[in-house]
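Residue numbers (my numbering): 5 to 181. Heads up: the structure comes next, in structure tokens.
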Amino acid sequence: MSRGTVIAYWLIPVEPVRSFFQEVINGLARRYDAPRFEPHVTVHVGLNRADAAERAISQAARACKPIKLRALEIGHSSEFIKTLFVQFALNAELRQLNEIIRNAAQDSSHYELKPHLSLLYKKMPAAARRELAGSIKVPFSEVIFDALKAVRCVSPTRSCSGVEAWRVVTTTELSGR
Numbered sequence: 005m006s007r008g009t010v011i012a013y014w015l016i017p018v019e020p021v022r023s024f025f026q027e028v029i030n031g032l033a034r035r036y037d038a039p040r041f042e043p044h045v046t047v048h049v050g051l052n053r054a055d056a057a058e059r060a061i062s063q064a065a066r067a068c069k070p071i072k073l074r075a076l077e078i079g080h081s082s083e084f085i086k087t088l089f090v091q092f093a094l095n096a097e098l099r100q101l102n103e104i105i106r107n108a109a110q111d112s113s114h115y116e117l118k119p120h121l122s123l124l125y126k127k128m129p130a131a132a133r134r135e136l137a138g139s140i141k142v143p144f145s146e147v148i149f150d151a152l153k154a155v156r157c158v159s160p161t162r163s164c165s166g167v168e169a170w171r172v173v174t175t176t177e178l179s180g181r
């Protein structure tokens, strides 16, 4: 997908997991002068169409119950929005959610689903990222996600100002009814 405005579809974790991750994100943001953001797993990134986002979120909420993902490891990368993250195992429920959103949004973008929850957005040397990844401990082996948000953002996001410009378009809870 070329640079431009997109809608990102996020899974939001349940409490108290949400608060735990928010504290980690806020602490790292303070320590490294980095942006704060809401803990989330991106399920799909597609076209900037609010009507399609509303439809996709609504259909997904009716079709899907809360989703449980297994935490695998703390990873890191040179990509700004994936500096430090919790990697999750891909499962059938998450694949189904991705497909429902993609179809309902009538969106053929080629977003590759690699479920992770970012903890820090910051350009850092690999050695510093590696050391930081080794120092983070997540007290959950599985995380339940029970809400969906559609968020308008610039893609790719490469700066604090890009993160600060993100805007929630719509939000709903997964009910599976």
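We put the beta carbon where it would ideally sit given N, CA and C, even for glycine.
{"Asked": "Check whether the Cβ atoms of A154 and I11 sit closer than 8 Å, and answer yes or no.", "Found": "yes"}
{"Asked": "Please say whether I61 and T174 have beta carbons closer to each other than 8 Å?", "Found": "yes"}
{"Asked": "In this structure, does DSSP put D55 in helix, strand or coil?", "Found": "helix"}
{"Asked": "Is DSSP giving R162 helix, strand or coil here?", "Found": "coil"}
{"Asked": "For A30, count neighbouring Cβ atoms within 10 angstroms of its own Cβ and tell me buried if that reaches 16, exposed if not.", "Found": "What sits at residue 30 in the sequence shown is Asn, not Ala. That one is exposed."}
{"Asked": "Under the three-state reduction of DSSP, which class applies to G138: helix, strand or coil?", "Found": "helix"}
{"Asked": "To which residues does DSSP link Y13 through a beta bridge?", "Found": "H48, A154"}
{"Asked": "Within a Cβ cutoff of 8 Å, which residues of the same chain sit near C164, ignoring the five residues on either side of it in sequence?", "Found": "A38, P39, Y125"}
{"Asked": "Taking 7 Å as the limit between beta carbons, can you name the residues of its chain near Q91, skipping five residues before and five after?", "Found": "L76, E77, G79, H120"}
{"Asked": "Of the residues K118, S139, V142, A64, which one's Cα is nearest the Cα of N107?", "Found": "A64"}
{"Asked": "Taking all protein chains shown into account, decide if H114 is buried (16 or more other Cβ within 10 angstroms of its Cβ) or exposed.", "Found": "exposed"}
{"Asked": "Let me check understanding here. Comparing Cα to Cα, which of R34, C157, T87 lies closest to A169?", "Found": "C157"}
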